[in-house]
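Here the structure comes first, spelled out in structure tokens, and everything after it is commentary.
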Amino acid sequence: MATTGFQLIISWRNAESGDPIAFKQDGQRFKTSTRTLKFFSNALYKIHLKTQPATEFHHLHLGGSDLELVVMNGPNSGEYTAEWNTTGIDPTKKGDRQDITMILTGPGGNLRKVVQSKFYNKESSHAEWGHKMDSLIWTCAVDSQGNITVTDEKVQ
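Everything in the sequence shown is counted per my numbering, starting at 76 for the first residue and increasing by one.
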């Protein structure tokens, strides 16, 4: 392992429109996070991951799906893209949130993080209400066994 820490910058965009996802500040209403990421059910999202300094990963698992990580800008760039299809994820009931697990693995280590989310029917505009999230920035620490912990989270 080359580093003991890095930044992971994640962006989700609707594959049809190119728009960034929206999020909602929920305060302390739910146990996982003070923030909820909003997605459509039965939709395709483009995910862009960038690590600084460049950190190598091979696999991304998100919300029950194994996603292909495509390396961007050369093998040592620390930049990846993936596509996530939310088909099969039911819309979240009113007042509820859905925790989705994100697992990122490779020589850079193993990151497992739960992301608080809400899924909406494609016919509903509620998934687009709220603040737009250009990117989610995680400051990550790597222990001697390669386990990655998110120590700070910012929205841009």
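Where is the CB? At the ideal position from N, CA and C, for every residue including glycine.
The model shown is predicted, which means the values in this text are computed figures rather than measured ones.
When only Cα atoms are considered, N160 and I212 end up about 22 Å apart.
In the DSSP annotation of this structure, G205 is not part of any beta strand (DSSP E), being labelled neither H nor E. DSSP places E228 inside the beta strand (DSSP E), whose first and last residues are 222-230. Assignment of H201 by DSSP, reduced to helix, strand and coil, places it in the helix class. Taking the Cβ atoms as the reference, I85 lies roughly 6 Å from L124, within the contact range of under 8 Å.
Residue nearest to Y155 within the set P166, M177, K121, I164 is K121 (criterion: CA-CA distance).
When rounded, the separation of the alpha-carbon atoms in T111 and P150 is 33 Å. Secondary structure of K188 (DSSP, three-state): strand. DSSP, read as helix, strand or coil, puts E131 in coil. The residue from S192, G221, E158 with its alpha-carbon nearest to that of D174 is S192.
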